[in-house]
Every structure is written in C-alpha cells, then in structure tokens.
DNA sequence: ATGAAGGTTGCAGAGATTGCAACAGTCCAG
DNA sequence: CTGGACTGTTGCAATCTCTGCAACCTTCAT
C-alpha cells in the first residue's frame, strides 16, 4: 500500500538471508543505489539493520529485542509456561507451544527434553505446517472454507515417507483431527520423532494455541507416547481454563 | 531520513508495549487516522504486525521469525554455543553470551543453570548496561572518546547499593576492566547475584562478544565464583581462537 | 431505531521521494 | 607513487507518492 515502506520492509527478509552491501540491496529491490541507501539509513536509525565493520548491512539487535517483547506480550505464553514445565517434569520429553498466524504456525515456547538432546532452540521458527501435530490442530479449527483454500495453497514436502502427501490427504487429516480433538505426528517430519498434541481453547471455544510432547522412538515407542495423551490433554485443558478466565490485557495490576 | 518509513517503523516499538487500535496508533504518531491505517496495512502485508480478533494491532509472527534468522546469522553465536554448554557442564551455573551494538548490549545466548532456577529466557533482552559484567567488557573496548561520550549519555539506575552510580565511576570501572581483561558484577544488578565475565576477541584483537557465568550467592559466594575466572577466561580464549581462524561468512562449504 | 465510535475509501493538493550526475574515499595494479 | 576502478555519498529538480480531509460504512450500545 505504501511504496516507500514496502521497499524498506522488503530489505529485512533480504538481509535475513545474510549480510549484503549497498549495491546488492539496490539491485534486489530494483531501485537506484541512492534510494537504497536512504532506506537503509532509516532502518539503521531504528536499529533494525546494523552496519558491520566491512560496511555490509545485516539485521540489527533492535529487531531481536522487539521480537522478544512481542513474544512476552503473548499472554497465552505466559500462562502456559508453568504448565509446560510441569508436564516436562512429569514425562521428561520436549514440550512445545505453538500458535497460528497468517498462514504460518510458529513455536512460541519450548521446554527441553531431560534426555540428552542437542536440538537447538527453534522458538520463533515456522513449523512444518503440513505434518506437525500442533499445526494440524491449529488449522483444523479454521472455518472449512479457509481450511480448504489454505490446504490448496500449501506445498507438501515429503520430509519422510509418512509426510502428508497432498492437499486432499491433508484436508482429510484435519477433518479427523477436528473430530477427535487431538493430533499426532508419527514420523512425518523426522523419521524417528513422534509427537502427541492437544489444543488450547479460548473462552469462545476457538483454538488459540496448541501444545505437544515430542520424543524420538529410541526413547519411547509411538504407542508408549500415546499413553501420555490423557496427560497432555489435561494440561492443555488446564491452560485453556486459566486463559479463558482471565482479562487478556492487564498483566498483574488490579486483581480486585 | 525517510519520513514515511520513519513513521512506519515507529509503530513497531509502540506496539511492542502492547496491542493498540488504529486511533491510538494515529495519535501516538501524530498523523491522521487514514495515514496510520495505510502504514499499518503495509506493515501487515509484510507480517510485521498482526490484527487480532478485537481489531487491535500487535507485533506479528514474521518479526519473531526474522529475529530468529538474525540470531542464527551471528556466527559468533554458533561457534560459541558448544563452548558455553561445556562450561555449564563444568561449573553448573548460568552462562551468558552478549554482544554490543549501537549503544546496547544484548544477550544472544544463554545456557541455564543446572540448579533449580526460574529465570525466564532473557535472550534478546537488552542488558543493564551500566552494571553487567559483560557490558563492561564490551564497552571497555571502545575507543576512549566514544567510551566517554557514551558514559555521559547513559542513565545510572541504582538497581542496588552496589550499582555503578554515575558516569565518572563507570569510566573508571571501564578503565580497570580494560586493563585487567576481565570483569565482574558483584550484586550490582540484583543484590544476590554475582557474575564473572571474560571477553571474546576477533583476529584483530577487538572484543566482539563477552561471556559470563552468573550465580546467586546462596549457591556460591563471590569469592568462590571468582575461582572460576581462569576457567571462564580459558573458555573465552578458546572461542576467540576458533572465531579468529575461520572465514566469517561460509558455514560449512569448502574446508579445503 | 438511533446515535456514537471506530474503521475505510476517493480525491486533490502538497510535499516527500526518487533517480541522476557529480563527488569523495578506498583499494589495487601498474 | 600514480592512475583507475569501485563503492558509497550528497545536491538538486521533477515527479510521483503520500497525506489529510470529508464522506461513507460497519458495529455496537442505548
């Protein structure tokens, strides 16, 4: 809608790929160097890009700080966190919390497995939307029309032989998930990893987030993991209850 | 430099404080509602802001994803991480990694204490620049002029009785840190927490990052913590060595 | 049903943004 | 040491974008 801002913002994902110099930015934006320079300067003033010693630009620290604040403002995260920790203490596996937003599903919290794991913190990373158990739950709650349209738009990468292969299969899977009220991912993303997930609902019953427990099948078989389902669902329900009963904005001001 | 972009970007920190509706944004920006609307729309198209169900705007998921990529592009982080983990295994305390950028010091990695701790992940949060041990190291490496100017510009909040009280004291402290090559924070930020920190240097000898070990004095006294200093310094030096000897851009392409 | 409040759109004027061209600084080769 | 190529930077005039206005629409509460 606003050309100038549009161009400026296009620089960010570009720099996310890696540092770039003025010429490269100008070329990718298809604008004159001087234009690119002025846009970069404005971004720089706001701390969103940083000019490293070799004069190339990369994303700046303020961006990271902003994102941090953005996450802390998600009250679902704050409410859910202690529950996730408790669940992790009970079962020992990795616990994830995810939300859906604009065609993306994003992990917004994670408690690491207590087994030796090297999985890097993927908080903030978009998840594999066609296979992840949490993604299925979040998408299954969309209105049918939207669900169908979205399913058609998606790519269906075959991470493994058990990945959701195409749109019709995905629509069917979502239908099933919607009815049963929980979801799994049995080796659909990484061959040896299984997940069980349950939805977290707001006061109006709509799914606002989803949580999952993941474990490699060298630790527990898929069947064993499924025995945790009641526990996962109870946890999710507890979070739902707490989330529904609260004012969404005020943090800890007026309890009266 | 660019008015439109400037205004648009000003919306981001504003929304970081919490969700706001169109009117509030327009007022804070001091522009007409329609102008604010169009800016927000552009931000929305890029996924940087999200319109929640009550029509208010908040920061969007793409911002979080971008920040995530930004952090993963910091190669110092990638190199340092395994060292931080190892240090944590050896001493059991919380380990931080921080960088300086444009008048801010930012934690970019953290390994949690193995003692029961509830400190929330502060990665991405700007640190208390006048007291944190890592901040002292990073600022101490600036050219003297810059150091002085910066010290004058800073605020000196008295988090505790031991916080750095004012600019002259800070300049003196930086001088000391610069000479000795390491830094501490003994209850300057939180009464009961002590830190020891060491610098990580690039090939040219300049400080590119700093790392610290923190522990509450209910677990170890400040003196005991100081006995870890050689270990911390060795770790920092190991990271420095690895960082200096590597091509800064290429991840794992041509080892030949 | 009626009014108020907040959000949205078309339009014309105003002013910011753009690309150009000339300039400055840096690095390398001869 | 000198010349040239390259990248980044600035002043300027034309233009095109953005702005604010006013009218319109939608939603909610009275």
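Chains as they are written, first to last, in the working numbering: chain P, 972 to 1227; chain S, 972 to 1227. Note that the Cβ used here is the ideal one computed from N, Cα and C, for glycine as well.
Mind checking if residue i is an interface residue toward chain P, Cβ cutoff 7 Å exclusive?
{"i": "residue 1182/S", "result": "no"}
{"i": "residue 989/S", "result": "yes"}
{"i": "residue 1130/S", "result": "no"}
{"i": "residue 1208/S", "result": "no"}
{"i": "residue 1073/S", "result": "yes"}
{"i": "residue 977/S", "result": "yes"}
{"i": "residue 1005/S", "result": "no"}
{"i": "residue 1218/S", "result": "Summary for residue 1218/S: the model assigns pLDDT 39, below 50, so the residue's position carries little reliability; its value from the coordinates is reported in the next sentence. Not one chain P Cβ lies under 7 Å of residue 1218/S."}
{"i": "residue 1077/S", "result": "yes"}
{"i": "residue 1081/S", "result": "no"}
{"i": "residue 1000/S", "result": "no"}
{"i": "residue 1211/S", "result": "no"}
{"i": "residue 973/S", "result": "yes"}
From the beta carbon of residue i, is the nearest beta carbon of chain S less than 7 Å away?
{"i": "residue 1013/P", "result": "yes"}
{"i": "residue 1112/P", "result": "no"}
{"i": "residue 1172/P", "result": "no"}
{"i": "residue 1050/P", "result": "no"}
{"i": "residue 983/P", "result": "yes"}
{"i": "residue 1017/P", "result": "yes"}
{"i": "residue 1022/P", "result": "no"}
{"i": "residue 1009/P", "result": "yes"}
{"i": "residue 1215/P", "result": "no"}
{"i": "residue 1030/P", "result": "yes"}
{"i": "residue 1095/P", "result": "yes"}
{"i": "residue 1236/P", "result": "This structure leaves residue 1236/P out entirely; chain P is present only between 972 and 1227."}
{"i": "residue 980/P", "result": "yes"}
So what does residue i bridge to, in DSSP terms?
{"i": "residue 1214/S", "result": "DSSP, once it has assigned bridges, lists no residue as partnering residue 1214/S."}
{"i": "residue 977/S", "result": "DSSP output for residue 977/S lists no bridge partner at all."}
{"i": "residue 1028/S", "result": "991/S, 1022/S"}
{"i": "residue 1165/S", "result": "1157/S, 1186/S"}
{"i": "residue 1181/S", "result": "1069/S, 1170/S"}
Contact the region 1149-1164 of chain S vs the region 1179-1197 of chain S: 3+ CB pairs below 8 Å: yes
Three-pair Cβ contact test at 8 Å for the region 999-1019 of chain P versus the region 977-990 of chain S
yes
| message | Please give the ranges of any beta strand (DSSP E) in the region 1046-1100 of chain P, keeping only runs that are unbroken, at least 3 residues long and fully inside the region. | response | 1065-1072, 1075-1082
The region 1065-1073 of chain P in contact with the region 1102-1109 of chain P per 3-pair CB rule at 8 Å: yes
- Pull out every residue of the region 1034-1045 of chain P whose Cβ sits closer than 7 Å to any Cβ of chain S, in chain order. 1034, 1035, 1036, 1037, 1038, 1039, 1040, 1041, 1042, 1044
Inspect the CB distances between the region 998-1017 of chain S and the region 1044-1064 of chain P and report whether three or more fall short of 8 Å.
no
Exercise. Say whether the region 1207-1216 of chain S touches the region 1129-1137 of chain S, bearing in mind that this needs 3 or more beta-carbon pairs closer than 8 Å, one atom from each stretch.
Key: no
TODO: Return the chain-ordered ranges of every alpha helix (DSSP H) run that is complete within the region 1098-1122 of chain P and spans a minimum of 4 residues.
DONE: 1104-1111
With contact counted as at least three CB pairs below 8 Å, one residue from each stretch, are the region 1145-1157 of chain S and the region 1025-1044 of chain S in contact?
no
- Does the region 1107-1118 of chain S come close enough to the region 1143-1151 of chain S to have 3 or more Cβ pairs within less than 8 Å? yes
| query | Going along the chain, which residues of the region 1097-1109 of chain S sit with their C-beta nearer than 8 Å to a C-beta in chain P? | reply | 1097
**Prompt:** Does the region 1041-1048 of chain S touch the region 991-1008 of chain P, meaning 3 or more C-beta pairs lie closer than 8 Å?
**Reply:** Proximity of the region 991-1008 of chain P to the region 1041-1048 of chain S falls short of the contact definition, fewer than three beta-carbon pairs being nearer than 8 Å.
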